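Chemist: Handing you a structure now.
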Amino acid sequence: MQTNQLFLIFCSVLLLLGLAAFFVGRSKATRVRASGTSMYAQPDQYAWFTVVATALPAVLVSAVGAFIMLVIGSEIPTFPLLLASLVVAVVGLSVGMMLIRSNFHARKAIERVIVWTLGGAATISILTTLGILVSIIGEALSFFQMHSFWDFITGTTWAPGNSFLASAGRGDGTGAEFGSVPLFAGTFMITAIAMCVAVPVGLLSAIYMGEYAPPKVRGVAKPMLEILAGIPTVVYGFFAAITVAPFIVRVAETVGLDASFNNALAPGIVMGIMIIPFISSLSDDVINAVPDSMRQGSLALGMTKGETIRDVVVPAALPGIISASLLGMSRALGETMIVVMAAGMRPNLSANPLEEMTTVTVRIVAAMTGDLEFDSAETLSAFALGLVLFAVTLSLNLVSVIMIRRFRDKYRVNNL
Amino acid sequence: MSDSFDKISQQLKSRHRKSARLKYISMGALALAAAFLLVFFADMLNKGLPAFQQALVNVEVNYSEEASTNGRAAIDPEIMSVVSRSVVRVIPLEMRNNPDLLGTTEKRWVLADGEVDQYLKGNRVRLDDEQKATIDQLVEEGQVDLRFNTTFFSRGDSKMPELAGIMSAVMGTVMTMIVTLAIAFPIGVMTAVYLEEFAPDNRLTQLIEININNLAAIPSILFGLLGLAIFINFFGVPRSTPLVGGMTLALMTLPVIIISTRTALRSVPESIRHAAFGVGCSRWQVVKDHVLPLAMPGIMTGSIIGLAQAMGETAPLIIVGMVAFIPDITASFTEAATVMPAQVFTWSGEPDRAFVEKTAGGILVLLAVLIALNASAVLLRKKFERRW
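Below you can see the structure in the form of structure tokens.
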């Protein structure tokens, strides 16, 4: 019999057992109560307790069995395993029935199970992070066994060449160079351009919305920025490649410069626009959280409104603004679709934003979409790049969290 | 005395001018963002709206014996140069589905070639003058016409631009989102309930909290690497399927749902909990019967926003292989599928001019869905907003 058919049968039998447990449990509890003894819990709670007692051990047994099979390979046949869990379910049902007594706290017992389940759900986020770490570090380590870590960090040539042939048994894969410096240079160049667009525009619009705008303008501007934040990155990428890049090439021609169609400027600018809402909404929250007494004090001393904003409000909100910018920067570093569609594929160590450049995320996608063996050096290099990306963005996020916490503690704001 | 007074009033004037300047600069920044949004939407509409129209040719179709194997034979060879090559496959298929057609002839509208379509829309094409003359003549006779493009909304991807549609991507998106929600919603809400209502304040829960905030800020492409390494290589989930795509996106959406659910739970006032405890409810009964129902609108809003985010995501799906070429509409969670943003990405890589239009058209559909989702979240929030 097919495994999934077996599984289906198992599930339906378990469901039937659970249903039976519910009704049998409830009728027994009702009977006990009708006989005049006062009970600790309601009949329905006893019924649910029997259901839990039936299903939980069975599910646990099959889950543990499945996990063991996965780890050590298929050594436990499926059929006996599922049969065993069903036997456990029947045993659970009878134990559950036996426990229906007047002095048994069914409600407490169920709730303990519920709280454990909720707590189990909460650990999934930790498992996700662990999963990211283990998978990326594991693959990255096997990459660093083939290529030296030092060359990866300091090398200035990224040329995977035909390293994929090595794993197919043709060629020896020598001559492939994995120096990540040009990739990181490209990434930082595009990120820098993005920040040059996003920080001034985002911060100034937050200042306008927080300090000047009448409520009506605010009511329009906030959702407008939210729309900007809701546009998928693949759409931004298309816009950068089809509209912005040719425009930049034309402008560069008119002033006598030579620009590549895959220049770094187009994805940089569009990425900056993408980040505006992150910076403006967080800055707006922070500026609103600066206590009004500070503005009043400044105005009372005869400062103009502009001076108050420049010399009092912005410096007070600075930790929050820095935090917003760092968060925006971490977004820009990890952003993929815009650069995949609008930046180039060729690693290029250059300071000219009109030239073609490539980024870390572009190389990751390039390594993952080819028809490569999974254990080829090029595929594994994607994990090494991912590891560095993870480390950089994680530290930026942490610094950002520390900055915002400092601000929060200073002014005792709760909602940041 | 009056001298220094003048000096001060001069200074004051310049200070006020400076102050006003800041106001106008900051107003300009906001206007710049608005201008970008306008330019962006105008550009997308301009490029994408033509995709909703498609050229059709009115031709005599001869359902002959020969046409049942080669659809090309059904159409007058002279006209064939303006008709889509798709008839080669479509007409035999129709004849197989409806055997009565054999031997009949019929004057009907069929898809025009992609190049003809582009020519009618005024774009540059690779047609020679003779072909252009044929088309102009057909237009004059009313035999070629631009009509609403039903193909685009009813078919899957194709290498022929006139036959390419977004339906398989839409179905793939729907199935991927079902998986995403089915995983992320219960786990997210359970996590939030645990952290907000049950968790003791110890190292473990603090670790979980910090971790959730960090997960929300990890680049999405790393989730793709996780999906590839754990789900595909370790657990053996089939590649390119809504199942693996949905699972990967679920892990990404989880922090969004957790954070918004916690905010919603926190906004339920303590007095409600006290009242419920007062009548003898246990902690779980308080949460289940009182706090959760009151927080539900907030939870829904957050989940819709998380769903919209997941729907627009492409990078992790590329890594788990959901950029496959899918001409048929996917019907199973373990079959290869593609999603709307991935379809947009695939089309954007096609060199044909007609695919630029398809890409922009697909983007318009995607944006329409996302804006509708976000708008419904805003409406939900407005409708159920409650001041305690």
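Those protein sequences? They're chains A and B, same order as listed. Counting with our numbering, you get residues 1 to 416 for the letters of the first sequence. Counting with our numbering, you get residues 1001 to 1388 for the letters of the second sequence. Idealized CB from N, CA, C, for every residue including glycine. The structure presented is a predicted model; accordingly, all values stated were derived computationally and were not measured.
Can Met-337/A and Thr-233/A be called in contact, C-beta distance under 8 angstroms?
Modeler: Locating residue 337/A in the first sequence gives position 337, counting from the first residue. Locating residue 233/A in the first sequence gives position 233, counting from the first residue. Contact flag set, yes.
Chemist: Alpha carbon to alpha carbon, how far is Val-1237/B from Ala-1324/B? Give it in angstroms, no decimals.
Modeler: As a first step, residue 1324/B is located in the second sequence; it is residue number 324 there, counting from the start. As a first step, residue 1237/B is located in the second sequence; it is residue number 237 there, counting from the start. The straight-line gap from Cα to Cα measures roughly 16 angstroms.
Chemist: May I ask which residues mark the beginning and end of the beta strand (DSSP E) holding Glu-1106/B?
Modeler: Here residue 1106/B refers to the residue found at position 106 when the second sequence is read from its first residue. Start and end: 1105 to 1111.
Chemist: By Cβ distance below 8 angstroms, which residues in the same chain neighbour Met-1175/B in space, the five residues on each side in sequence not counted?
Modeler: In the second sequence, residue 1175/B corresponds to position 175, counting from 1. Only Pro-1242, Gly-1246, Thr-1330, Phe-1333 and Ala-1337 meet the Cβ criterion.
Chemist: Can you give me the Cβ contacts of Thr-3/A inside the same chain, cut-off strictly under 8 angstroms, excluding the 5 residues immediately before and after it?
Modeler: In the first sequence, counting from the first residue as 1, residue 3/A sits at position 3. Excluding residues within five positions, the ones whose Cβ falls inside 8 angstroms are Thr-78.
Chemist: So what does DSSP say about Asp-1145/B, is it helix, strand or coil?
Modeler: Residue numbering aside, residue 1145/B sits at position 145 when the second sequence is read from its first letter. Reduced to three states, the DSSP call for Asp-1145/B is strand.
Chemist: Quick one: list the residues of chain A neighbouring His-1274/B, beta-carbon separation under 8 angstroms, in chain order.
Modeler: As a position in the second sequence, residue 1274/B is number 274, starting the count at 1. Correct list: empty, because the minimum Cβ distance to chain A is about 19 angstroms.
Chemist: Between Ser-135/A and chain B, is the shortest Cβ-Cβ distance under 8 angstroms, so that the two count as touching?
Modeler: Taking the first residue of the first sequence as 1, we reach residue 135/A at position 135. It does; some Cβ of chain B falls within 8 angstroms.
Chemist: Output, in sequence order along the chain, the residues in the segment 1006 to 1019 of chain B whose CB is closer than 8 angstroms to any CB in chain A.
Modeler: Of all residues in the segment 1006 to 1019 of chain B, Arg-1015, His-1016, Lys-1018 and Ser-1019 have a Cβ within less than 8 angstroms of some Cβ in chain A.
Chemist: Just curious, the beta strand (DSSP E) that Glu-1060/B is in, first and last residue?
Modeler: For this step, residue 1060/B is matched to residue 60 along the second sequence. Where Glu-1060/B is concerned, the enclosing beta strand (DSSP E) stretches over 1053 to 1062.
Chemist: Give every residue of the same chain whose Cβ lies closer than 8 angstroms to the Cβ of Tyr-1194/B, excluding the five residues on either side of it in the sequence, and list them in chain order.
Modeler: The sequence position of residue 1194/B within the second sequence is 194, counting from 1. Hits under 8 angstroms: none found.
Chemist: By the criterion of Cβ-Cβ separation under 8 angstroms, what are the contact partners of Ile-1212/B in chain A?
Modeler: Locating residue 1212/B in the second sequence gives position 212, counting from the first residue. Ordered by position in chain A, the residues that pass the 8 angstroms Cβ test against Ile-1212/B are Ser-125.
Chemist: Let me see if you follow: with CB-CB separation under 8 angstroms, is Ala-1315/B close to chain A or not?
Modeler: Position 315 of the second sequence, counted from the start, is the residue given in the question as residue 1315/B. Taking Cβ atoms only, chain A reaches closer than 8 angstroms to Ala-1315/B, which makes this a yes.
Chemist: Whose Cβ in chain A lies nearer than 7 angstroms to the Cβ of Val-1356/B?
Modeler: Within the second sequence, the letter at position 356 stands for residue 1356/B. Within 7 angstroms Cβ-Cβ: Ile-242.
Chemist: Relative to the C-alpha of Ala-1074/B, which candidate in Glu-1060/B, Ser-1081/B, Glu-1141/B and Val-1082/B has its C-alpha closest?
Modeler: Along the second sequence, read from residue 1 onward, the residue named residue 1074/B stands at position 74. Ala-1074/B has its Cα closest to that of Glu-1060/B, out of Glu-1060/B, Ser-1081/B, Glu-1141/B and Val-1082/B.
Chemist: Residue range of the alpha helix (DSSP H) that Ala-317/A falls in?
Modeler: Along the first sequence, one-based indexing puts residue 317/A at 317. Unbroken alpha helix (DSSP H) run through Ala-317/A: 314 to 334.
Chemist: Chain B beta carbons: is any one of them nearer than 8 angstroms to that of Gly-131/A?
Modeler: What you label residue 131/A is simply residue 131 of the first sequence in a count that begins at 1. Chain B contact via Cβ: present.
Chemist: What residues of chain A sit near Gly-1312/B, judged by a beta carbon separation below 9 angstroms?
Modeler: On the second sequence, residue 1312/B is found 312 positions in, with the first residue counted as 1. Result: Gly-230, Ile-231, Pro-232, Thr-233, Val-234 and Val-235.
Chemist: Could you spell out where the alpha helix (DSSP H) holding His-105/A opens and where it closes?
Modeler: Within the first sequence, residue 105/A is the residue found at index 105, counting from 1. Counting along the chain, His-105/A falls outside any alpha helix (DSSP H), and DSSP gives it neither H nor E.
Chemist: Taking the alpha-carbon positions, what's the Val-61/A to Val-88/A distance?
Modeler: Here the question's residue 61/A lines up with position 61 in the first sequence. Here the question's residue 88/A lines up with position 88 in the first sequence. Rounded to whole angstroms, Val-61/A to Val-88/A spans 8 angstroms at the Cα level.
Chemist: Take the Cβ of Arg-331/A as the centre, count every other Cβ of all protein chains shown within 10 Å, and call the residue buried at 16 or more, exposed below.
Modeler: On the first sequence, position 331 is the one that residue 331/A refers to. Label assigned to Arg-331/A: buried.
Chemist: Going by DSSP in three states, Glu-1209/B sits in which element: helix, strand or coil?
Modeler: Residue mapping note: residue 1209/B aligns to position 209 of the second sequence, counting from 1. Residue state, collapsed to three classes: helix.
Chemist: Closer than 7 angstroms to a non-hydrogen atom of the ligand ZN - does that hold for the CB of Met-1167/B?
Modeler: In the structure on display, the ligand ZN does not appear, and there are no ligands present to speak of.
Chemist: Hey, Ala-1133/B and Ala-1055/B: beta-carbon distance below 8 angstroms or not?
Modeler: In the second sequence, residue 1133/B corresponds to position 133, counting from 1. In the second sequence, residue 1055/B corresponds to position 55, counting from 1. No.
Chemist: In this structure, how does DSSP classify Asn-263/A when only helix, strand and coil are distinguished?
Modeler: Within the first sequence, numbered from 1, the residue matching residue 263/A stands at position 263. Strand.
Chemist: Compute the Euclidean distance between the alpha carbons of Met-345/A and Ala-1315/B, then round it to the nearest angstrom.
Modeler: Residue 345/A sits at position 345 when you count from the first residue of the first sequence. Residue 1315/B sits at position 315 when you count from the first residue of the second sequence. So the two alpha carbons sit approximately 16 angstroms from each other.
Chemist: Just how far apart, CA to CA, sit Ile-1272/B and Trp-1284/B?
Modeler: The count along the second sequence starts at 1 and reaches residue 1272/B at position 272. The count along the second sequence starts at 1 and reaches residue 1284/B at position 284. Computed Cα separation, rounded: 14 angstroms.
Chemist: Applying the criterion that 16 or more other CB atoms from any shown protein chain within 10 Å of the CB defines a buried residue, is Asn-1149/B buried or exposed?
Modeler: Within the second sequence, residue 1149/B is the residue found at index 149, counting from 1. Its Cβ being crowded by 16 or more others within 10 Å, Asn-1149/B is buried.
Chemist: Could you tell me which chain A residues have their CB closer than 9 angstroms to the CB of Ser-1348/B, listed as they occur along the chain?
Modeler: As a working mapping, residue 1348/B is identified with position 348 in the second sequence. Those within 9 angstroms of Ser-1348/B in chain A are Val-234, Gly-237, Phe-238, Ala-241, Ile-242 and Met-341.
Chemist: Measure from the alpha carbon of Lys-1047/B to the alpha carbon of each residue in Leu-1379/B, Arg-1353/B and Val-1125/B, then state which is nearest.
Modeler: In the second sequence, the residue the question calls residue 1047/B occupies position 47. Lys-1047/B has its Cα closest to that of Arg-1353/B, out of Leu-1379/B, Arg-1353/B and Val-1125/B.
Chemist: Looking at the secondary structure, which residues open and close the alpha helix (DSSP H) in which Cys-196/A lies?
Modeler: Locating residue 196/A in the first sequence gives position 196, where the first residue counts as 1. Here the alpha helix (DSSP H) through Cys-196/A covers 181 to 207.
Chemist: Taking 8 angstroms as the cut-off, decide whether the C-beta atoms of Ala-1184/B and Ile-1259/B are in contact.
Modeler: As a first step, residue 1184/B must be located in the second sequence, where it is residue number 184. As a first step, residue 1259/B must be located in the second sequence, where it is residue number 259. It is not a contact, given that the beta carbons lie outside the stated cut-off.
Chemist: Could you give the distance in angstroms between the alpha-carbon of Leu-16/A and the alpha-carbon of Pro-80/A?
Modeler: Translated into the one-based positions of the first sequence, residue 16/A becomes position 16. Translated into the one-based positions of the first sequence, residue 80/A becomes position 80. Between Leu-16/A and Pro-80/A, the C-alpha separation is close to 20 angstroms.
Chemist: Taking the alpha carbon of Arg-112/A as the point to measure from, which residue in Ala-1199/B, Ala-1310/B and Trp-1109/B has its own alpha carbon closest?
Modeler: One-based indexing of the first sequence puts residue 112/A at position 112. It is Ala-1199/B.
Chemist: Where does Gln-45/A land, buried or exposed, given buried means 16+ other C-beta within 10 angstroms?
Modeler: For this step, residue 45/A is matched to residue 45 along the first sequence. Buried.
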